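Protein sequences, first through last, are from chains A and B. Quick note: the first sequence uses this note's numbering, first residue 1, plus one each step. Quick note: the second sequence uses this note's numbering, first residue 235, plus one each step. We put the CB at the ideal spot given by N, CA and C, even for glycine. Note that the structure is predicted; figures quoted are calculated from it, not measured. In what follows, a structure is listed as structure tokens, so that the remarks can point back to it.
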Amino acid sequence: MTNTLHRWSEHYAVERRPAAAPVENDYIVFAMATRTLNDDDLVAKYRTFARLALRHTPVNIGDATKGGALRPQPRLNPLAHWRRQHRPDPERVIREIDGSTTMAAVFSRFEDMEAFVRDLRDAGLGVSINISAPMEAAHRCCEEAGIKRHSVEYSLGFQGRVERLPDRVVLEIGTMCGHGMIAHNLVKKLLDWVKEGRRTPKEATQYLARFCSCGVFNPARAEQIFDKARTGTS
Amino acid sequence: MQISQYRCVACGNCIPVCPVGAIYIDPLVGRAQVNQDECVECFTCFRGMSKEHLFPPMVRAIRKVAKAFRFRFDPEPDICPTDAILPQELQWPRIVRRAFSDPQVPHESTGIHGRGTAEVKTNDVTGRVKEGEAGFVIEFGRPGVGARFRDIQRMTQRLAAAGAEFEKNNPVTSLMTDPARGLIREDILSEKVLSAIVEIKVGLEQVPAVLQIVRGVSRELDTVVAVGVSTRCDARGEDPLARLLEAEGYPTYRGKTNLGLGRVTRQAVV
Numbered sequence: 001m002t003n004t005l006h007r008w009s010e011h012y013a014v015e016r017r018p019a020a021a022p023v024e025n026d027y028i029v030f031a032m033a034t035r036t037l038n039d040d041d042l043v044a045k046y047r048t049f050a051r052l053a054l055r056h057t058p059v060n061i062g063d064a065t066k067g068g069a070l071r072p073q074p075r076l077n078p079l080a081h082w083r084r085q086h087r088p089d090p091e092r093v094i095r096e097i098d099g100s101t102t103m104a105a106v107f108s109r110f111e112d113m114e115a116f117v118r119d120l121r122d123a124g125l126g127v128s129i130n131i132s133a134p135m136e137a138a139h140r141c142c143e144e145a146g147i148k149r150h151s152v153e154y155s156l157g158f159q160g161r162v163e164r165l166p167d168r169v170v171l172e173i174g175t176m177c178g179h180g181m182i183a184h185n186l187v188k189k190l191l192d193w194v195k196e197g198r199r200t201p202k203e204a205t206q207y208l209a210r211f212c213s214c215g216v217f218n219p220a221r222a223e224q225i226f227d228k229a230r231t232g233t234s
Numbered sequence: 235m236q237i238s239q240y241r242c243v244a245c246g247n248c249i250p251v252c253p254v255g256a257i258y259i260d261p262l263v264g265r266a267q268v269n270q271d272e273c274v275e276c277f278t279c280f281r282g283m284s285k286e287h288l289f290p291p292m293v294r295a296i297r298k299v300a301k302a303f304r305f306r307f308d309p310e311p312d313i314c315p316t317d318a319i320l321p322q323e324l325q326w327p328r329i330v331r332r333a334f335s336d337p338q339v340p341h342e343s344t345g346i347h348g349r350g351t352a353e354v355k356t357n358d359v360t361g362r363v364k365e366g367e368a369g370f371v372i373e374f375g376r377p378g379v380g381a382r383f384r385d386i387q388r389m390t391q392r393l394a395a396a397g398a399e400f401e402k403n404n405p406v407t408s409l410m411t412d413p414a415r416g417l418i419r420e421d422i423l424s425e426k427v428l429s430a431i432v433e434i435k436v437g438l439e440q441v442p443a444v445l446q447i448v449r450g451v452s453r454e455l456d457t458v459v460a461v462g463v464s465t466r467c468d469a470r471g472e473d474p475l476a477r478l479l480e481a482e483g484y485p486t487y488r489g490k491t492n493l494g495l496g497r498v499t500r501q502a503v504v
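So this is what it looks like as structure tokens:
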């Protein structure tokens, strides 16, 4: 699974510009156990992970087998088109953890991620903990938390038939669901709707977040991208 | 995936939701259809859309009246109003599509959800990639393009010819008939998946050569390829890989960092 590795930013443009803006609102921390080695008491370990995350105002948390804090609604009535519940439900994520999975927490501020990593270091859960973020930020977080990095994995971006990829705004939003559950065409449609004033950036983000089946989508970053794109400044 | 021809009201909401664009409205019947050759069985339409359970003839009648006056309803874009999307029972080889496309189905070969690979995310516990080694994750079809195993095999054959060894605990490797030659089962070569990952491990000194092969073969494929490269850090937490990759002209802005907080907590079974 490389669902958070290849999140697109200007740094991965085919024709790279030397001064691409840093990504400073997208930090993921996730926990993963290894079968037969440290998958004992997994429900308790993962619930502790999620509870610790909630102390530091994550913008999303998720369970890879169940979804994120905002999920599809299987039984709506027609009033949903006017009055619909869009509140994320992190408690449901925690309640429904039932064993083997990967847990993730997404932060939009470096300080929140770093505080969470310190908590995880002290909690000693025993499962593998990874940061998926700009490498410099993860490195700095480790240094400030007194952690020596064990292993690193670099995204080298996309190659091959890159002309089959959509434009940069769609890529930047769409690749926040690395499993590919957020369709590029849906992002394009919602970008149009936001530009036409038919939906707000926040509403557009809420629709997309429901499709991410593991909860690593970053609604805060998506909302900012939609907002920039609305006035054509992205 | 299928769409119930009785329940579908041709609202079109499911069309942009499909990651590979396999859903369309057939004007002859006025219902949504799924292009079965393009559908990767990712279940995004079925699981990701919210649902109402309205009476289809009533919705069709309302839509007909609105259409006559050229009115257009502005519905929530992620709702199927009549719960018309129906999964079908998948048989071999089509079942492979779902195994590689629906992240909520764990791979039998690894027990891992998503694309079924652990890479270096659990390296602190498994020790799979060591200092001086590089682990490659070569992903096909992502984002949102999809890939057929025939294309994936072109890469695995070239990598095998260069002496690469494929990770045993990997879903693509488990479908190979001859890993030494990079050959994948003949009966799945035409199957299309949302994405699939090939994993190999080489010495750090071989990284430029592997990158060259991947870059060259990628140009011949009808899909996109996303590459990740990993290594074990030294005792100071530093790694020599970034400089190596940058010297080859690749960006290294983003990635994953394993913090080394994992450990074996299960007692060994004697």
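1) Could one say the Cβ of tyrosine 12(A) lies closer than 8 angstroms to chain B's Cβ atoms, at least one of them?
2) Taking the beta carbon of proline 315(B) as the centre, do at least 16 other beta carbons fall within 10 Å, making it buried, or is it exposed?
3) Measuring straight from C-alpha to C-alpha, what distance separates arginine 488(B) and glutamine 338(B)?
4) Among Leu393(B), Gly361(B), Thr457(B) and Phe374(B), which residue has its Cα nearest to the Cα of leucine 37(A)?
5) Count the CB pairs spanning the region 210-219 of chain A and the region 59-66 of chain A that are closer than 8 angstroms, and state whether there are at least three.
6) Just how far apart, CA to CA, sit valine 14(A) and glutamate 367(B)?
7) Under 8 angstroms Cβ-Cβ, which residues of chain A neighbour cysteine 467(B)?
8) Step through the CB atoms of chain B and report whether any lies within less than 8 angstroms of the CB of methionine 1(A).
9) What does a CB cutoff of less than 7 angstroms around arginine 90(A) pick up in its chain, not counting 5 residues either side in sequence?
10) What is the rounded straight-line gap between the Cα of leucine 191(A) and the Cα of lysine 202(A)?
11) Using the Cβ count rule (16 or more neighbours within 10 Å means buried), how would you classify asparagine 247(B)?
12) Give me the chain B residues within the contact set of phenylalanine 217(A), using Cβ-Cβ distance strictly less than 7 angstroms, ordered along the chain.
13) Does proline 253(B) have its Cβ less than 8 angstroms from a Cβ in chain A?
14) Going by CA-CA distance only, name the one from Gln73(A), Ile182(A), Glu223(A) and Gly197(A) that's closest to leucine 250(B).
15) From what residue to what residue does the beta strand (DSSP E) around glutamate 91(A) run?
16) Between the region 470-488 of chain B and the region 418-433 of chain B, do three or more beta carbon pairs fall short of 8 angstroms?
17) In angstroms, rounded to a whole number, what distance separates the CA positions of histidine 6(A) and phenylalanine 30(A)?
18) So within the region 376-416 of chain B, which uninterrupted beta strand (DSSP E) runs reach at least 3 residues, ignoring any that extend past its ends?
19) Please classify tyrosine 154(A): does DSSP put it in a helix, a strand, or coil?
20) Show which residues of chain B have a CB atom less than 9 angstroms away from the CB atom of methionine 103(A).
21) Near glycine 157(A), which residues of its chain fall below 6 angstroms by C-beta distance, leaving aside the five closest residues on each side in sequence?
22) Can you look up phenylalanine 289(B) in the DSSP assignment and give me helix, strand or coil?
23) Exposed or buried, isoleucine 296(B), counting other C-beta atoms within 10 Å across all chains shown (16 or more means buried)?
24) Looking only at C-alpha atoms, which of Val432(B), Val354(B) and Leu478(B) sits nearest to arginine 466(B)?
25) Specify, as a first and last residue, the run of the beta strand (DSSP E) that glutamate 367(B) falls within.
26) For valine 162(A), return the contacting residues in chain B, with the cut-off set at a CB-CB distance below 7 angstroms.
27) Closer than 6 angstroms by C-beta to arginine 221(A): which residues in its own chain qualify, once you throw out the five before and the five after it? Chain order, please.
28) Looking at chain A, is there any beta carbon in it that lies within less than 8 angstroms of the beta carbon of glutamate 425(B)?
29) If I follow the unbroken alpha helix (DSSP H) through arginine 164(A), where does it start and stop?
According to the data block:
1) yes
2) buried
3) 25 angstroms
4) Gly361(B)
5) Touching, yes, given that three or more Cβ pairs across the two stretches are closer than 8 angstroms.
6) 28 angstroms
7) Lys148, Arg149, His150, Ser151 and Val152
8) Because methionine 1(A) sits at a pLDDT of 49, beneath the cut-off of 50, its placement in the model cannot be relied upon, and the point is left open.
9) It is worth fixing the name first, because residue 90(A) is proline in this sequence and not arginine. Cβ neighbours of proline 90(A) beyond the five flanking positions: Leu54, Ile61 and Ala69.
10) 12 angstroms
11) By the beta-carbon neighbour count (other beta carbons within 10 angstroms, threshold 16), asparagine 247(B) is buried.
12) What phenylalanine 217(A) touches in chain B: nothing, since even the nearest Cβ is about 12 angstroms away.
13) Yes - at least one Cβ of chain A is within 8 angstroms of the one on proline 253(B).
14) The residue asked about is misnamed: residue 250(B) is proline in this sequence, not leucine. Selected option, being the one with the closest Cα: Ile182(A).
15) Where glutamate 91(A) is concerned, there is no enclosing beta strand (DSSP E), although the alpha helix (DSSP H) it sits in stretches over 90-95.
16) no
17) 15 angstroms
18) 410-412
19) strand
20) Residues of chain B passing the Cβ test: none, with the nearest at roughly 12 angstroms.
21) Tyr12
22) coil
23) It counts as exposed.
24) Comparing alpha carbon positions, the residue from Val432(B), Val354(B) and Leu478(B) closest to arginine 466(B) is Val354(B).
25) Glutamate 367(B) -> beta strand (DSSP E) spans 367-374.
26) Val458
27) Asn25 and Asp26
28) no
29) Run containing arginine 164(A): none; DSSP gives neither H nor E here.
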